[in-house]
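Asker: Got a structure here, written out as structure tokens. Questions coming.
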Amino acid sequence: MNKQTHVEPETRHILPFLAWTFGITWGAWLLQYILTALKLTSGAEPLGLALNFIGGFGPTLGTFISLKISHPKKMLDFIFSHAKGWWIYMLVFCLVRVLTLFIANPALPPLNAILMFPLGWTFVTFVGGGNEELGWRGLLQPALEKKFCFPLATVITALVWVAWHLPLWLIPGTSQSQISLLFYLSFGILLCFC
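For the record, in the sequence shown the residue sitting at position 56 is 56 according to UniProt numbering, with numbers rising by one throughout.
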């Protein structure tokens with residue numbers, strides 16, 4: 001019996017991924033927009049936060065659904081299979097982050113700086129954008145690179161990423177509603193090359 005634990009993104013996964021991702025995200029964010037417009041919730045209330053949170057996980061859920069990954073072991077294998085030696089980079093990143101806290105505020109007690117990092121990292125990973133990366137960098141970008149050269153696949157990924165965020169310009173209080181769409185588009189393209 002062949003027991004494959006790793007699923008490699010292919011070009012055939014792109015459309016199902018996009019359909020699930022946009023369906024989950026835009027569905028949650030559209031509901032948030034409607035409920036906010038009706039003054040039944042806001043981005044600061046539990047329901048508004050929950051809908052925003054669910055929408056933010058659209059790319060990750062879209063990845064697991066389109067790759068037919070449902071078992072936790074397969075999810076972890078997919079997450080960590082692309083980054084051999086990832087822990088070295090994570091350790092260096094953590095040390096640089098803690099060092100930055102000391103340099104930025106030498107009066108900060110060392111224990112507080114060390115304790116602040118896991119909280120900040122957890123927030124960024126699960127709410128501040130890291131929750132999207134399994135979809136964009138784990139599925140869409142590698143699948144597009146099988147069809148297009150790296151720079152073109154990267155620009156396409158950036159354009160899809162910006163389009164995915166479009167509903168947030170309609171919801172009062174989101175960071176996107178406060179900035180220029182042109183700036184965000186430029187930022188998105190630049191960010192995809194990092």
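Ideal Cβ positions, reconstructed from N, Cα and C, are used throughout, including at glycine.
All of these numbers come straight from a predicted model, not from anything done at the bench.
Decide if the region 65-73 is in contact with the region 44-53; the criterion is three or more beta carbon pairs, one per stretch, under 8 Å apart.
Answerer: Because the criterion of three Cβ pairs below 8 Å is not met, the region 65-73 and the region 44-53 do not touch.
Asker: Is it true that the CB of residue 169 sits closer than 8 Å to the CB of residue 177?
Answerer: Here residue 177 refers to the residue found at position 177 of the sequence shown. Here residue 169 refers to the residue found at position 169 of the sequence shown. Contact: yes.
Asker: Residue 22 to residue 92, Cα distance in whole Å?
Answerer: Numbered from 1 along the sequence shown, position 22 holds the residue referred to as residue 22. Numbered from 1 along the sequence shown, position 92 holds the residue referred to as residue 92. Going from the Cα of residue 22 to the Cα of residue 92 covers about 34 Å.
Asker: Considering only their Cβ atoms, is the gap separating residue 25 from residue 143 smaller than 8 Å?
Answerer: Stepping through the sequence shown from its first residue, residue 143 is reached at position 143. Stepping through the sequence shown from its first residue, residue 25 is reached at position 25. Going by C-beta atoms, residue 143 is not nearer than 8 Å to residue 25.
Asker: Straight-line CA distance for residue 184 to residue 162?
Answerer: To locate residue 184, count along the sequence shown from 1; it is residue 184. To locate residue 162, count along the sequence shown from 1; it is residue 162. Roughly 7 Å separates the two Cα atoms.
Asker: Let me confirm a value: residue 19 is counted as buried when at least 16 other C-beta atoms fall within 10 Å, else exposed. Which label applies?
Answerer: Counting from one through the sequence shown, the residue named residue 19 turns up at place 19. Under this definition residue 19 is an exposed residue.
Asker: May I have the straight-line CA-CA distance separating residue 32 from residue 55, to the nearest angstrom?
Answerer: On the sequence shown, position 32 is the one that residue 32 refers to. On the sequence shown, position 55 is the one that residue 55 refers to. Distance between the alpha carbons of residue 32 and residue 55: 10 Å.
Asker: Who are the near neighbours of residue 189 in its chain, counting only those whose CB is closer than 7 Å to its CB and skipping five residues on each side?
Answerer: In the sequence shown, the residue the question calls residue 189 occupies position 189. Contacts found: 155, 158.
Asker: Residues in the same chain with beta-carbon distance under 7 Å from residue 42, minus the five sequence neighbours each way, listed in chain order, please.
Answerer: One-based indexing of the sequence shown puts residue 42 at position 42. Answer for residue 42: 36, 48, 173, listed in chain order.
Asker: Where residue 103 and residue 118 are concerned, what is the direct C-alpha to C-alpha distance, given to the nearest angstrom?
Answerer: Residue 103 sits at position 103 when you count from the first residue of the sequence shown. Residue 118 sits at position 118 when you count from the first residue of the sequence shown. In a straight line, the C-alpha of residue 103 is about 18 Å away from that of residue 118.
Asker: Classify residue 43 as helix, strand or coil using the three-state DSSP reduction.
Answerer: Along the sequence shown, one-based indexing puts residue 43 at 43. It is coil, neither helix nor strand.
Asker: So residue 149 is in the alpha helix (DSSP H); what residue range does that whole segment cover?
Answerer: As a first step, residue 149 is located in the sequence shown; it is residue number 149 there, counting from the start. No alpha helix (DSSP H) holds residue 149; DSSP gives it neither H nor E.
Asker: Using only the alpha-carbon positions, how far apart do residue 146 and residue 171 sit?
Answerer: Here residue 146 is taken as the residue at index 146 of the sequence shown, counted from 1. Here residue 171 is taken as the residue at index 171 of the sequence shown, counted from 1. Between residue 146 and residue 171, the C-alpha separation is close to 36 Å.
Asker: Would DSSP call residue 129 helix, strand or coil?
Answerer: Along the sequence shown, one-based indexing puts residue 129 at 129. Correct three-state label for residue 129: coil.
Asker: Report the rounded CA-to-CA distance for residue 164 versus residue 149, giving the unit in angstroms.
Answerer: Counted from its first residue, the sequence shown places residue 164 at position 164. Counted from its first residue, the sequence shown places residue 149 at position 149. One C-alpha to the other measures close to 22 Å.
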